[in-house]
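Heads up: the structure comes next, in structure tokens.
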Amino acid sequence: GIQVEQSPPDLILQEGANSTLRCNFSDSVNNLQWFHQNPWGQLINLFYIPSGTKQNGRLSATTVATERYSLLYISSSQTTDSGVYFCAVGPWITDKLIFGTGTRLQVFP
Amino acid sequence: DVKVTQSSRYLVKRTGEKVFLECVQDMDHENMFWYRQDPGLGLRLIYFSYDVKMKEKGDIPEGYSVSREKKERFSLILESASTNQTSMYLCASSPGGGLAGYEQYFGPGTRLTVT
Chain E
2 GIQVEQSPPD LILQEGANST LRCNFSDSVN NLQWFHQNPW GQLINLFYIP
52 SGTKQNGRLS ATTVATERYS LLYISSSQTT DSGVYFCAVG PWITDKLIFG
102 TGTRLQVFP
Chain W
161 DVKVTQSSRY LVKRTGEKVF LECVQDMDHE NMFWYRQDPG LGLRLIYFSY
211 DVKMKEKGDI PEGYSVSREK KERFSLILES ASTNQTSMYL CASSPGGGLA
261 GYEQYFGPGT RLTVT
């Protein structure tokens, strides 16, 4: 099956710093989503981005489907950005999602 | 806004009990999913449903069953709870009815502890 790898596994930043999270996947996909898991465990949808580039405030994402990777950019980090960021992909002809192992981000004031 | 709700945020059950986890979505979505999340193992798909009364096994269906009698509701059933089913359970839904690849939306999760 498809393998999804996220890097780095852990990231510690000071407030105001920028960061890039990476997601590599091993086969072509029809769905790619980025989530933020808050301290209470809820998965918050950040981007639905099987290809192309999107921006939402301080966050943006780019997926290069032909090269099988996606990047999540966080600019001007805030303490509320702390948590775990997951990338999940959907194999073709299925609605399933396969999750990466996540990047744990800690932002300190 | 899509809303997916789960019946309990925290649940404590005894070994051998029958456990029902309920999930409701309000967006008329075709697809519904149950995942479990464990430290070191990530999120794994247990079961999913693409229509009322339809179900498909995910990657780890053993020890679980599901029920979908109405479009908006998807139940996960632990027939005889065991301690290795202590986990965070997450429900999700997505539109369907055509080509795959729709965006999934998640509920707040249920932390189940089996003692």
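Heads up: the protein sequence lines correspond to chains E and W, in order.
Quick note, in the numbering used here, the first sequence goes up one by one and the last residue is 110.
Quick note, in the numbering used here, the second sequence goes up one by one and the last residue is 275.
By construction, the Cβ of each residue, glycine as well, lies at the ideal position given by its N, Cα and C atoms.
A quick note: this is a predicted structure, and the numbers were derived from the prediction, not measured.
Per the Cβ contact rule, the region 91-108 of chain E is not in contact with the region 42-50 of chain E (fewer than 3 Cβ pairs under 8 Å). Under the DSSP assignment, Lys173 of chain W falls in the beta strand (DSSP E) whose first and last residues are Tyr170 to Lys173.
With a threshold of 8 Å between beta carbons, Ser254 of chain W makes contact with chain E.
The C-beta of Glu263 of chain W comes closer than 8 Å to at least one C-beta of chain E.
Here Gln197 of chain W really is in contact with Leu250 of chain W; their C-beta atoms are around 6 Å apart, less than 8 Å. Under the 8 Å Cβ criterion, the region 20-37 of chain E counts as touching the region 67-79 of chain E, having at least three qualifying pairs. The count of Cβ pairs closer than 8 Å, one atom from the region 103-110 of chain E and one from the region 174-186 of chain W, stays below three, leaving the stretches out of contact. For the C-beta of Phe100 of chain E, the chain W residues within less than 7 Å are, from N- to C-terminus, Gly202 and Leu203. Within the region 223-264 of chain W, the beta strand (DSSP E) runs of at least 3 residues that lie entirely inside it are, in chain order, 224-230, 233-238 and 247-254.
Against chain W, a Cβ distance below 9 Å from Pro51 of chain E picks out Gly261. In the structure shown, Asp82 of chain E adopts helical secondary structure according to DSSP, grouped into three states. Minimum Cα-Cα distance from Leu205 of chain W among the listed residues W:Met192, W:Pro199, W:Tyr262 and W:Asp219 corresponds to W:Asp219.
Cβ contact annotation for Lys231 of chain W (same chain, cutoff 6 Å, sequence separation greater than five): Val212, in chain order.
For Tyr210 of chain W, there is no enclosing beta strand (DSSP E), as DSSP marks it with neither H nor E.
For Leu44 of chain E, a Cβ of chain W is located within less than 8 Å of the residue's own Cβ. For Gln34 of chain E, the chain W residues whose Cβ falls inside 8 Å of its Cβ are Glu263 and Gln264, in order along the chain. Beta-bridge pairing by DSSP links Glu190 of chain W to no other residue. In the three-state reduction of the DSSP assignment, Ala62 of chain E falls in the strand class, which pools E and B.
The DSSP-derived three-state label of Glu177 of chain W is coil. With a threshold of 8 Å between beta carbons, Asn244 of chain W makes no contact with chain E. Looking from the CA of Val85 of chain E, the closest CA among E:Ile13, E:Thr64 and E:Ile3 belongs to E:Ile13. Looking at the backbone, the Cα of Ala241 of chain W and that of Arg169 of chain W are separated by about 18 Å.
For Thr21 of chain E, the enclosing beta strand (DSSP E) has its first and last residue at Ser20 to Phe26. Contact annotation: Thr104 of chain E and Leu22 of chain E have beta-carbon atoms nearer than 8 Å.
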